Every structure is written in structure tokens, then in C-alpha cells.
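In the numbering used here, the protein residues as written are 60 to 192.
Written out as C-alpha cells, the structure is:
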């Protein structure tokens, strides 16, 4: 039951992050284009793009957890959430606020994304092997 609730939460939070990514993309395209220097606009756009990728990843993880019933898969989704905060959040901070030291958090967020995708694949693979057809 806890696994199902966690999967539902991942779908809900992933949907919220996706909506915020769309808003960030629109904000960047319409408001920031004339304000930010092109290199900082590119940093902002990278953050919005990666936020969308991993929000969709959270939704996929939540759905896969419900379909396959594997409790371990939710960990992947929470790694994506951590990556969104660390990777995307640091890039938003660098591009919008000019807080350069936040850039040190970006690779940690990237590592969270890599761990999340690896856990996702491993969880599905190991669950399939544990349940013979």
C-alpha cells in the first residue's frame, strides 16, 4: 500500500514540476529574452528543459511502479526530484540571480539524475527477473 501511495505522489509531484517547467520556458522565452545575456538565457533554458525531462521521468516512474508493482522503483523518482532541485534549481539561481557558487550544486543534481535513471532501469529489470512469466 505504501508503494502505491508513493507512486501516486510521484505522478502528482512530477505533474506539478512539468507545469512549472512549461511556465519557466514561457517566462524565459517571453520575459527574459530581452533581459538576460544570451549565455545566461541558455543556462535558464537548460534548467527548464531538464526539469521537464525529469518531471516526465517522475511520472513514468510512478506509472511503472503501479503497473509492475515493484516497490524499489519509487526511489528513482525521488532521485529525479532531488536532481530537479539541485541541478535545475542551481541553474535557475545562477542565471536569474547571478549566484555563481550555486553552480557547485549542479553536478550533484546531475549525479542524482544519473542515479535515478539507473535505479529505474535496474528496478524494472530485477522485478521482471524475480517474477518468471
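Positions of the beta carbon are idealized from the N, C-alpha and C atoms, including for glycine.
Since we're looking at a predicted model, the values are computed, not measured.
If distances are taken between C-alpha atoms only, which option among 118, 100, 145 comes closest to residue 78? Nearest in C-alpha terms to residue 78, of all of 118, 100, 145, is 118.
Residue 120 beta carbon less than 9 Å from that of residue 133: Residue 133 places its beta carbon less than 9 Å from that of residue 120.
Would you mind sorting residue 168 into buried or exposed? The rule is 16 or more other CB atoms within 10 Å of its CB. With 16 or more other Cβ atoms from the protein chains shown falling within 10 Å of its own Cβ, residue 168 counts as buried.
Using a Cβ-Cβ cutoff of less than 7 Å, which residues in the same chain neighbour residue 130 once the five nearest sequence positions on both sides are dropped? So the list reads 62, once near-sequence residues are dropped.
Kindly give me the distance between the Cβ atoms of residue 139 and residue 124, rounded to whole angstroms, as I take these residues to be in contact under 8 Å. Wrong, their Cβ atoms sit about 13 Å apart, outside the cutoff.
Taking the CB atoms as reference points, tell me whether residue 114 and residue 76 lie closer together than 9 Å. Note that the C-beta distance between residue 114 and residue 76 is below 9 Å.
Smallest Cα separation from residue 95: which of 71, 80, 111, 151? Relative to the Cα of residue 95, the nearest Cα in the group 71, 80, 111, 151 belongs to 151.
So within the segment 140 to 191, which uninterrupted alpha helix (DSSP H) runs reach at least 4 residues, ignoring any that extend past its ends? Counting only runs of 4 or more, we get 148 to 151, 165 to 189.
Does residue 60 come out as helix, strand or coil in the three-state DSSP assignment? The pLDDT assigned to residue 60 is 44, lower than 50, so where the model puts this residue is not dependable, and the model offers no usable value.
Does the contact criterion of 3 or more C-beta pairs under 8 Å hold for the segment 98 to 115 versus the segment 80 to 89? Counting Cβ pairs under 8 Å, three or more are found: they touch.
What does a CB cutoff of less than 7 Å around residue 179 pick up in its chain, not counting 5 residues either side in sequence? The residues are 120, 132, 135.
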